[in-house]
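Novice:
2 protein chains.
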Amino acid sequence: MRIVVQKFGGSSLSTVDHIRRVAERVAATRSLGPNVVVVVSAMGDTTDHLLGLMRALGTRVPPRELDALLATGEQVSTALLAAALQIIGCPARSFTGWQAGITTDRVAGKARIVAVDTARLRGALEAGWVPVVAGFQGISPDGDVTTLGRGGSDTTAVALAAVLQAEACEIFSDVEGVYTADPRVVSEARRIPIIAYDEMMEIAHLGAQVLQIRAVECAAMNGVTITARSTFTDGSGTRITSAEEMAKMRGGGFVESGAVARAVAHDRDVAKLALCGVPDRPGIAMRVFQALAERNVNVDMIIQSQSRDGKNDIAFTVAGDDLEAAREALEVVSAVVGADATLAAAGFGKVSLIGAGMASHPGVAGTMFAALAEEGINIDMISTSEIKISCLVEQGAIDRAVRSVHRAFGLDRPETGSA
Amino acid sequence: MRIVVQKFGGSSLSTVDHIRRVAERVAATRSLGPNVVVVVSAMGDTTDHLLGLMRALGTRVPPRELDALLATGEQVSTALLAAALQIIGCPARSFTGWQAGITTDRVAGKARIVAVDTARLRGALEAGWVPVVAGFQGISPDGDVTTLGRGGSDTTAVALAAVLQAEACEIFSDVEGVYTADPRVVSEARRIPIIAYDEMMEIAHLGAQVLQIRAVECAAMNGVTITARSTFTDGSGTRITSAEEMAKMRGGGFVESGAVARAVAHDRDVAKLALCGVPDRPGIAMRVFQALAERNVNVDMIIQSQSRDGKNDIAFTVAGDDLEAAREALEVVSAVVGADATLAAAGFGKVSLIGAGMASHPGVAGTMFAALAEEGINIDMISTSEIKISCLVEQGAIDRAVRSVHRAFGLDRPETGSA
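First to last, the sequence lines map onto chains B and E.
Numbered continuously in this note's numbering, the first sequence closes out at residue 419.
Numbered continuously in this note's numbering, the second sequence closes out at residue 838.
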């Protein structure tokens with residue numbers, strides 16, 4: 001059975017008119033032959049509206065109830081889109097997360113999909129229906145409604161594409177695909193036609209609004225090629241796939257890989273924390289990161305300084321939202337291990353250059369640092385990987401930082417620049 | 420285990436502040452000893468808002484999707500109220516219809532509860548939690564979300580009170596209880612302290628906003644005494660119970676029952692239909708009412724005229740909303756049985772006098788017709804039962820009709836008048 005998964009985000013579903021246009025797009029795909037499985041987010045700003053109601057009740061919101069509340073947003077979209085499809089003559093049925101057989105773990109608000117029982121969806125497809133599935137949600141083994149966290153609808157789409165062995169997984173939004181930088185910041189930014197999972201993961205991780213990182217991870221692990229496209233235009237978008245698939249598309253010839261700068265990504269809301277003067281014993285870093293993990297805080301950059309007088313400093317960054325949880329964890333650990341001080345501050349941003357082969361080409365880092373220095377931007381922390389160089393800078397300098405690095409690597413030129 | 424079921428309607432939950440006050444009321448009841456199970460409707464005008472979104476898509480809305488859509492309204496209320504309870508220190512958990520084990524039949528939009536599996540709710544009660552259950556909804560044997568129709572949350576409350584053997588079932592709204600007439604129409608209307616199921620059913624059937632008729636039916640069949648109370652005042656409300664229970668409360672003495680006028684009810688939106696000149700053969704009425712039942716149209720008053728020249732007329736009334744479905748049914752039957760004509764018109768209202776012993780006291784009807792005649796109000800159809808006399812009148816005369824009948828039976832006097 002030929003299956004295409006199409007996922008539509010909140011901005012594609014913000015009004016009844018938009019829902020009608022999405023229905024027409026789905027029906028058009030189906031008329032070309034394949035069965036279509038649709039995954040939807042909540043309409044427009046529904047999630048923010050629901051969140052506002054809950055927060056008006058108090059600050060310590062029970063996570064289980066927040067999940068139960070937020071999950072209704074996607075259910076509204078499924079019912080309306082399934083109805084819109086039926087009204088234009090395309091058989092369709094709505095499915096909540098649990099109706100679609102999506103089981104998650106028990107971590108409210110950030111649940112992970114652990115299994116998908118496709119029996120009901122396959123039954124719907126065999127009956128000739130377009131299943132319209134609520135993204136972002138599932139059900140825990142205890143029968144509680146869970147949500148996958150913001151952007152989790154992308155993950156739902158990739159998971160369904162994987163388990164249904166779909167021939168395509170198209171993620172629609174209001175942008176044309178993945179760009180060399182955020183076009184709102186860099187007017188010369190260009191669409192990238194094809195990009196590897198690992199490169200895309202770095203971009204998503206750094207705040208690009210096109211795709212959630214977890215969805216890209218999930219796609220990479222399951223070999224699902226994603227196409228990021230615009231809902232309301234016919235552009236071909238950006239394919240996110242494996243390096244092997246990219247090589248095949250170039251015609252299979254051998255390429256001596258050099259460092260290729262693909263994109264400049266940024267993240268506006270980063271908090272920096274540090275544990276200063278901790279005894280240089282094994283196991284201290286482990287305690288810090290275990291305490292953070294227990295609070296479901298993701299750590300991004302990590303720097304451990306050289307030991308000095310038998311003591312050292314551990315600094316790291318987290319998302320701005322996680323500052324308080326991280327501060328709490330840090331203070332608990334500090335008291336236990338006897339650190340001299342803890343630091344915690346919001347107000348940072350991160351700019352990153354992404355592309356294959358960064359680590360083996362030292363010139364890349366030098367070009368990036370020079371571009372920032374020319375703009376008078378101070379670099380607070382640096383981290384590098386095989387495919388990324390990131391610099392922590394003050395929040396107010398982010399736009400200038402992105403523009404200067406984008407220019408320095410020639411990403412505004414028709415052919416992707418290389419260093 | 421002592422259990423009290425408390426149901427709160429949409430007007431009691433229309434804002435975050437209202438939800439907080441409801442939480443305090445629930446917590447106060449629980450602090451007196453009993454376990455509390457809460458049933459909620461959708462917040463304020465949520466249901467109308469959702470309905471508006473669906474209707475904007477088109478006129479032929481798939482009933483399954485409408486149910487999936489509307490059910491989200493109550494889910495929002497459960498999550499917010501469960502959170503509000505937890506925030507004030509009262510352990511609570513939200514439950515959708517399916518999580519609460521409520522199974523219905525497959526009639527989308529007007530589903531009936533066929534079973535309640537209380538395992539999960541009992542588990543929650545044993546854990547010391549207040550279960551907050553979404554009213555108005557359940558799940559069909561196929562795993563589809565169904566709704567019980569407008570006001571179905573009352574039915575959910577009664578069903579839970581029955582299966583959990585609750586000691587009380589309190590239905591809260593923004594009115595103080597059941598009145599001798601709608602206080603918006605009759606300023607002298609008084610609260611009725613106690614009323615029998617059958618009397619209440621007639622009042623509910625005729626458009627009183629306090630309780631849905633199905634909930635009263637369900638209460639009568641299962642011996643659940645309902646108390647209709649106001650959310651935001653401490654009045655004792657109206658008890659709706661069996662005639663036996665009422666006798667017990669009077670002290671068990673024997674009372675020679677006379678006709679006791681209890682209330683004047685009205686319904687503003689009635690449509691009248693007729694099949695004229697049908698052959699006087701057995702089975703014709705059956706066909707008409709089968710065709711209506713197939714379209715889920717409830718018929719109210721029915722009049723079959725005397726046979727004339729081997730033909731007769733069948734006239735009946737339905738809710739204004741059902742006019743088109745009823746007209747369709749009538750035309751199909753008319754073509755089959757060879758009737759001379761069909762009539763279908765909206766624009767009627769119904770005024771009814773309710774109380775035990777009406778049929779055995781012919782003077783009651785005479786007093787009612789005289790009251791209407793004095794106001795110059797024409798009576799279009801009449802129907803009577805053991806506990807009710809109803810007159811169909813033109814829509815514009817409803818208010819005057821209610822006031823004149825209320826006065827004629829002395830219902831504005833401290834002691835309930837009798838005829």
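Just so it is clear, CB atoms sit at the ideal spot from N, CA and C, and this is done for glycine as well.
Quick check on residue 232 (chain B): buried or exposed, where buried means 16 or more other Cβ atoms within 10 Å of its Cβ?
Specialist: Indexing the first sequence from 1 puts residue 232 (chain B) at position 232. With fewer than 16 Cβ atoms within 10 Å of its Cβ, residue 232 (chain B) is classed as exposed.
Novice: Hey, out of B:361, B:62, B:265, whose CA is closest to residue 185 (chain B)'s CA?
Specialist: Locating residue 185 (chain B) in the first sequence gives position 185, counting from the first residue. It is B:265.
Novice: Please give the ranges of any alpha helix (DSSP H) in the stretch 456-496 of chain E, keeping only runs that are unbroken, at least 4 residues long and fully inside the region.
Specialist: Complete alpha helix (DSSP H) runs here, min 4: 465-476.
Novice: At least one CB of chain E closer than 8 Å to the CB of residue 427 (chain B): is that the case?
Specialist: Outside the displayed range of chain B (1 to 419) lies residue 427 (chain B), so it cannot be described from this structure.
Novice: Please tell me whether residue 420 (chain B) has its Cβ less than 8 Å away from any Cβ of chain E.
Specialist: Shown here, chain B extends from 1 to 419; a query on residue 420 (chain B) therefore has no answer.
Novice: Give the interface partners of residue 562 (chain E) over in chain B, defined as CB-CB distance under 8 Å, in chain order.
Specialist: Residue mapping note: residue 562 (chain E) aligns to position 143 of the second sequence, counting from 1. Within chain B, the residues near residue 562 (chain E) are 99, 120.
Novice: Helix, strand or coil: how does DSSP classify residue 248 (chain B) here?
Specialist: Taking the first sequence and counting its residues from 1, the one referred to as residue 248 (chain B) is at position 248. Here residue 248 (chain B) sits in helix by DSSP.
Novice: Could you tell me which residues DSSP puts in a beta bridge with residue 393 (chain B)?
Specialist: Along the first sequence, read from residue 1 onward, the residue named residue 393 (chain B) stands at position 393. B:349.
Novice: Is it right to say residue 406 (chain E) is buried, meaning 16 or more other beta carbons lie within 10 angstroms of its own, or is it exposed?
Specialist: Here chain E covers residues 420 to 838 and nothing more, so residue 406 (chain E) does not appear.
Novice: Please classify residue 838 (chain E): is it buried, with 16 or more other beta-carbons within 10 angstroms of its beta-carbon, or exposed?
Specialist: By one-based count along the second sequence, residue 838 (chain E) stands at place 419. Because residue 838 (chain E) sits at a pLDDT of 35, beneath the cut-off of 50, its placement in the model cannot be relied upon, and the following sentence gives the value as read from the coordinates. Buried, since its Cβ has 16 or more Cβ neighbours within 10 Å.
Novice: Helix, strand or coil for residue 731 (chain E) per DSSP?
Specialist: Locating residue 731 (chain E) in the second sequence gives position 312, counting from the first residue. It is a strand residue.
Novice: Which one or two residues does DSSP pair with residue 685 (chain E) in a beta bridge?
Specialist: Within the second sequence, numbered from 1, the residue matching residue 685 (chain E) stands at position 266. Residue 685 (chain E) pairs with E:770.
Novice: Of the choices B:105, B:94, B:332, whose alpha-carbon is the least far from that of residue 146 (chain B)?
Specialist: Sequence index remark: in the first sequence, residue 146 (chain B) carries index 146 (1-based). The shortest Cα separation from residue 146 (chain B) among B:105, B:94, B:332 belongs to B:105.
Novice: Assess, as a yes-or-no matter, whether the stretch 734-752 of chain E is touched by the stretch 683-698 of chain E under the definition of 3 or more beta carbon pairs within less than 8 Å.
Specialist: Yes, the stretch 683-698 of chain E touches the stretch 734-752 of chain E.
Novice: Just checking: is the beta-carbon of residue 470 (chain E) within a distance shorter than 8 Å of some beta-carbon in chain B?
Specialist: Locating residue 470 (chain E) in the second sequence gives position 51, where the first residue counts as 1. False, the Cβ-Cβ gap to chain B never drops below 8 Å.
Novice: By the 8 Å beta-carbon criterion, what residues does the stretch 24-57 of chain B contribute toward chain A?
Specialist: Going by chain labels, chain A is absent from the structure shown, which instead holds the protein chains B and E.
Novice: When you compare the CB of residue 700 (chain E) with every CB in chain B, is at least one pair closer than 8 Å?
Specialist: On the second sequence, position 281 is the one that residue 700 (chain E) refers to. With 8 Å as the cut-off, residue 700 (chain E) does not count as an interface residue toward chain B.
Novice: Could you list which residues in chain E have their beta carbon closer than 8 Å to that of residue 80 (chain B), in chain order?
Specialist: Against the first sequence, residue 80 (chain B) aligns to sequence position 80. Correct list: 472, 473, 476, 484, 488.
Novice: Assuming residue 519 (chain E) is part of the alpha helix (DSSP H), what are its boundary residues?
Specialist: Counting from one through the second sequence, the residue named residue 519 (chain E) turns up at place 100. Neither: residue 519 (chain E) is in no alpha helix (DSSP H) and is coded neither H nor E.
Novice: Compute the Euclidean distance between the alpha carbons of residue 67 (chain B) and residue 108 (chain B), then round it to the nearest angstrom.
Specialist: In the first sequence, residue 67 (chain B) corresponds to position 67, counting from 1. In the first sequence, residue 108 (chain B) corresponds to position 108, counting from 1. If I take the Cα positions, the gap works out to 6 Å.
Novice: Hey, out of E:825, E:808, E:422, whose CA is closest to residue 621 (chain E)'s CA?
Specialist: Start at 1 with the first residue of the second sequence, and residue 621 (chain E) comes out as number 202. Ranking the options by Cα distance to residue 621 (chain E), first place goes to E:808.
Novice: Does residue 231 (chain B) come within less than 8 Å of chain E when only Cβ atoms are used?
Specialist: As a working note, residue 231 (chain B) is residue 231 in the first sequence. No, residue 231 (chain B) lies away from the interface with chain E (no Cβ there is under 8 Å from its Cβ).
Novice: Taking DSSP as the reference, what is the three-state secondary structure of residue 837 (chain E)?
Specialist: Reading the second sequence from its first residue, position 418 is the one you call residue 837 (chain E). A caution first: residue 837 (chain E) carries a pLDDT of 38, below 50, which makes its placement in the model too unreliable to give a value.
Novice: For residue 556 (chain E), would you say it is in contact with chain B, using Cβ-to-Cβ distances shorter than 8 Å as the test?
Specialist: The residue labelled residue 556 (chain E) in the question sits at position 137 within the second sequence. Cβ-Cβ to chain B under 8 Å: no for residue 556 (chain E).
Novice: Nearest-angstrom Cα distance between residue 417 (chain B) and residue 19 (chain B)?
Specialist: Numbered from 1 along the first sequence, position 417 holds the residue referred to as residue 417 (chain B). Numbered from 1 along the first sequence, position 19 holds the residue referred to as residue 19 (chain B). Residue placement at residue 417 (chain B) is poorly supported in this model, since its pLDDT is 37, which falls under 50; the coordinates still yield a value, given next. Between residue 417 (chain B) and residue 19 (chain B), the C-alpha separation is close to 39 Å.
Novice: Relative to the C-alpha of residue 431 (chain E), which residue among E:790, E:443, E:422, E:420 is closest?
Specialist: Counted from its first residue, the second sequence places residue 431 (chain E) at position 12. Selected option, being the one with the closest Cα: E:443.
Novice: Beta-carbon of residue 610 (chain E) versus every beta-carbon of chain B: anything under 8 Å?
Specialist: Translated into the one-based positions of the second sequence, residue 610 (chain E) becomes position 191. Not an interface residue.
Novice: Determine, using beta carbons only, whether residue 738 (chain E) and residue 717 (chain E) come nearer to each other than 8 Å.
Specialist: Here residue 738 (chain E) refers to the residue found at position 319 when the second sequence is read from its first residue. Here residue 717 (chain E) refers to the residue found at position 298 when the second sequence is read from its first residue. The answer is yes: Cβ separation under 8 Å.
Novice: Could you round the C-beta distance between residue 39 (chain B) and residue 128 (chain B) to whole angstroms and report it? I think they count as a contact, below 8 Å.
Specialist: What you label residue 39 (chain B) is simply residue 39 of the first sequence in a count that begins at 1. What you label residue 128 (chain B) is simply residue 128 of the first sequence in a count that begins at 1. 19 Å between Cβ atoms; not a contact.
Novice: Chain E partners of residue 72 (chain B), CB-CB under 7 Å?
Specialist: Counted from its first residue, the first sequence places residue 72 (chain B) at position 72. 491, 494, 495, listed in chain order.
Novice: Could you compute how far the alpha carbon of residue 394 (chain E) sits from the alpha carbon of residue 55 (chain B)?
Specialist: Lying outside 420 to 838, the shown extent of chain E, residue 394 (chain E) is not represented and no answer is given.
Novice: If we define contact as Cβ-Cβ less than 8 Å, is residue 107 (chain B) a contact residue for chain E?
Specialist: Within the first sequence, the letter at position 107 stands for residue 107 (chain B). Chain E, which has no Cβ nearer than 8 Å to the Cβ of residue 107 (chain B), makes this no.
Novice: Could you confirm whether any beta carbon from chain B is found closer than 8 Å to the beta carbon of residue 415 (chain E)?
Specialist: Given that chain E is displayed from residue 420 to residue 838, the structure contains no residue 415 (chain E) and the question cannot be resolved.
Novice: Assign residue 260 (chain B) to one of three DSSP states: helix, strand, or coil.
Specialist: Taking the first residue of the first sequence as position 1, residue 260 (chain B) is located at position 260. In the structure shown, residue 260 (chain B) sits in coil (DSSP, three-state: anything other than H, G, I, E or B).
Novice: Can you find a C-beta in chain B that's less than 8 Å from the C-beta of residue 513 (chain E)?
Specialist: In the second sequence, the residue the question calls residue 513 (chain E) occupies position 94. By this cut-off, residue 513 (chain E) is an interface position.
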